[in-house]
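>
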Amino acid sequence: GQNIDQPTEMTATEGAIVQINCTYQTSGFNGLFWYQQHAGEAPTFLSYNVLDGLEEKGRFSSFLSRSKGYSYLLLKELQMKDSASYLCAVRGTDSWGKLQFGAGTQVVVTP
Amino acid sequence: GAVVSQHPSRVICKSGTSVKIECRSLDFQATTMFWYRQFPKQSLMLMATSNEGSKATYEQGVEKDKFLINHASLTLSTLTVTSAHPEDSSFYICSARTGSTDTQYFGPGTRLTVL
Chain A
1 GQNIDQPTEM
11 TATEGAIVQI
21 NCTYQTSGFN
31 GLFWYQQHAG
41 EAPTFLSYNV
51 LDGLEEKGRF
61 SSFLSRSKGY
71 SYLLLKELQM
81 KDSASYLCAV
91 RGTDSWGKLQ
101 FGAGTQVVVT
111 P
Chain B
1 GAVVSQHPSR
11 VICKSGTSVK
21 IECRSLDFQA
31 TTMFWYRQFP
41 KQSLMLMATS
51 NEGSKATYEQ
61 GVEKDKFLIN
71 HASLTLSTLT
81 VTSAHPEDSS
91 FYICSARTGS
101 TDTQYFGPGT
111 RLTVL
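And the structure:
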């Protein structure tokens, strides 16, 4: 089975930086995804890592260390609209590419 | 690109009735789609994997006779909640896999309320 852990909630001020950590223990690993989900809406894709290192995409960056079973999502220059739940998801090695989601981290951006 | 639609967005039904939810990939073909449900303030729970032209694969604990899945074409999968009960009230979300990284893109979700 898989165990994916991320903090429940984080609060930061507008313009600041927030780092959301995700640790995982899996029987198989074939990539890690980060999604953003606003309340009452479906998740939207943010980033994908399958090799160790940092992937940067505008204000969002994601890092992966496979040996440590660790990833983080970095949100820079926070905006009020970034208030949302951020989901870490690990893809297993099954042929369908199933994702196992963490419980999500609720980020609250304050003025 | 990679747009997934879902219909209806919201449905209210009486206990005992059946409800069909459609999931479409609008600008790509998807041999594999996934169905999730999500309870308030909880993460997504995978219900089943829908494969075009073959039977769906259900996760442990999900009743296949209650949640009927049909993936009749490369752009359409349907989930039918049969004999719905209040405990089936939830947010149902589909996703479709595409691209070189096989990323899952999600539909906007369907809010089901069973009275």
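Residue numbers (the working numbering), protein chains in the order written: chain A, 1 to 111; chain B, 1 to 115. The C-beta atom is built at its ideal place from N, Cα and C for all residues, glycine as well. In this text the structure is predicted, and so the values were computed from the model without any measurement.
#1: Of all the options B:Arg-24, B:Thr-17, B:Arg-10, which has the alpha carbon lying nearest to the alpha carbon of B:Val-4?
#2: Going by the beta-carbon positions, is the gap between B:Phe-91 and B:Gln-42 smaller than 7 Å?
#3: Is the shortest distance between the beta-carbon of A:Ala-84 and the beta-carbons of chain B less than 7 Å?
#4: Tell me which same chain residues have a C-beta within less than 7 Å of the C-beta of A:Ser-83, skipping the five on either side of it?
#5: Can you give me the start and stop residues for the beta strand (DSSP E) that A:His-38 sits inside?
#6: Give me, in chain order, the residues of the same chain whose beta-carbon lies closer than 6 Å to that of B:Asn-70; leave out the 5 immediate sequence neighbours on both sides.
#7: Run through DSSP, which three-state label would A:Asp-5 get?
#8: Count the other CB atoms, across all protein chains shown, that sit within 10 Å of the CB of B:Asp-88; report buried if there are 16 or more and exposed otherwise.
#9: Give me the residue from B:Phe-34, B:Lys-55, B:Ser-83, B:Thr-49 with the minimum Cα distance to B:Thr-113.
#10: Take A:Asp-52 and list the residues in its own chain whose beta-carbon comes closer than 7 Å to its own, dropping the five residues that flank it on each side.
#11: With DSSP collapsed to three states, give me the class of B:Thr-14.
#12: Just how far apart, CA to CA, sit A:Gly-102 and A:Gln-6?
#13: Which chain A residues sit within Cβ distance under 7 Å of B:Asp-102?
#14: Distance, Cα to Cα, B:Gly-61 vs A:Glu-14?
#15: What residues match up with A:Leu-73 in a beta bridge as DSSP calls it?
#16: Starting from B:Trp-35, trace the beta strand (DSSP E) both ways and give me its first and last residue.
#17: Where does A:Lys-98 land, buried or exposed, given buried means 16+ other C-beta within 10 angstroms?
#18: Please report whether the beta-carbon of B:Pro-108 lies at a distance below 7 Å from any beta-carbon of chain A.
#19: Looking at A:Thr-93: is its Cβ nearer than 7 Å to the Cβ of A:Gly-28?
#20: In its own chain, which residues sit with a C-beta less than 8 Å from the C-beta of A:Val-50, not counting the 5 before and 5 after it?
#21: Roughly how many angstroms separate the alpha carbons of A:Gln-36 and B:Glu-63, rounded to a whole number?
#22: State the beta-bridge partners of B:Ala-96 as determined by DSSP.
#23: According to DSSP, what are the bridge partners of B:Thr-75?
According to the structure shown:
#1: Translated into the one-based positions of the second sequence, residue 4 of chain B becomes position 4. Looking at the Cα atoms, B:Arg-24 is the closest of the given residues.
#2: Locating residue 91 of chain B in the second sequence gives position 91, counting from the first residue. Locating residue 42 of chain B in the second sequence gives position 42, counting from the first residue. No. Outside cutoff.
#3: As a first step, residue 84 of chain A must be located in the first sequence, where it is residue number 84. Cβ-Cβ to chain B under 7 Å: no for A:Ala-84.
#4: One-based indexing of the first sequence puts residue 83 of chain A at position 83. Excluding sequence positions up to five before and after A:Ser-83, its CB lies within less than 7 Å of the CB of Val-107, Val-108, Val-109, all in the same chain and listed in chain order.
#5: For the purposes of this step, residue 38 of chain A is taken as residue 38 along the first sequence, with counting starting at 1. Secondary structure note for A:His-38: it is in no beta strand (DSSP E), with a DSSP letter that is neither H nor E.
#6: To locate residue 70 of chain B, count along the second sequence from 1; it is residue 70. Correct list, in chain order: Thr-78.
#7: For this step, residue 5 of chain A is matched to residue 5 along the first sequence. Three-state DSSP puts A:Asp-5 in a strand.
#8: Position 88 of the second sequence holds residue 88 of chain B. Looking at its Cβ environment, which holds 16 or more other Cβ atoms inside 10 Å, B:Asp-88 is buried.
#9: By one-based count along the second sequence, residue 113 of chain B stands at place 113. Residue nearest to B:Thr-113 within the set B:Phe-34, B:Lys-55, B:Ser-83, B:Thr-49 is B:Ser-83 (criterion: CA-CA distance).
#10: Along the first sequence, one-based indexing puts residue 52 of chain A at 52. Taken in chain order, the residues that qualify are Leu-64, Ser-65, Arg-66.
#11: Position 14 of the second sequence, counting from 1, holds the residue named residue 14 of chain B. It is Lys, not Thr, that sits at residue 14 of chain B in the sequence shown. Note: B:Lys-14 maps to coil in three-state DSSP.
#12: Residue numbering aside, residue 102 of chain A sits at position 102 when the first sequence is read from its first letter. Residue numbering aside, residue 6 of chain A sits at position 6 when the first sequence is read from its first letter. C-alpha separation (whole angstroms): 7 Å.
#13: As a first step, residue 102 of chain B must be located in the second sequence, where it is residue number 102. Neighbours of B:Asp-102 on chain A, chain order: Gly-97.
#14: As a position in the second sequence, residue 61 of chain B is number 61, starting the count at 1. As a position in the first sequence, residue 14 of chain A is number 14, starting the count at 1. Near 43 Å, if we compare the C-alpha coordinates of A:Glu-14 and B:Gly-61.
#15: As a first step, residue 73 of chain A is located in the first sequence; it is residue number 73 there, counting from the start. Per DSSP, A:Ile-20, A:Ser-62.
#16: On the second sequence, residue 35 of chain B is found 35 positions in, with the first residue counted as 1. Run containing B:Trp-35: 32-38, per the beta strand (DSSP E) assignment.
#17: Numbered from 1 along the first sequence, position 98 holds the residue referred to as residue 98 of chain A. Around the Cβ of A:Lys-98, a 10 Å sphere holds 16 or more other Cβ atoms; the residue is buried.
#18: Residue 108 of chain B sits at position 108 when you count from the first residue of the second sequence. Chain A, which has a Cβ nearer than 7 Å to the Cβ of B:Pro-108, makes this yes.
#19: As a position in the first sequence, residue 93 of chain A is number 93, starting the count at 1. As a position in the first sequence, residue 28 of chain A is number 28, starting the count at 1. In this structure, A:Gly-28 lies closer than 7 Å to A:Thr-93 by Cβ.
#20: The residue given as residue 50 of chain A occupies position 50 in the first sequence. Closer than 8 Å at Cβ, skipping near neighbours: Asn-30, Gly-31, Leu-32, Leu-64.
#21: Taking the first sequence and counting its residues from 1, one reaches residue 36 of chain A at position 36. Taking the second sequence and counting its residues from 1, one reaches residue 63 of chain B at position 63. Whole-angstrom Cα-Cα distance: 29 Å.
#22: Here the question's residue 96 of chain B lines up with position 96 in the second sequence. Paired residue(s): B:Met-33, B:Tyr-105.
#23: To locate residue 75 of chain B, count along the second sequence from 1; it is residue 75. Looking at the DSSP assignment, B:Thr-75 forms no beta bridge with any residue, so it has no partner.
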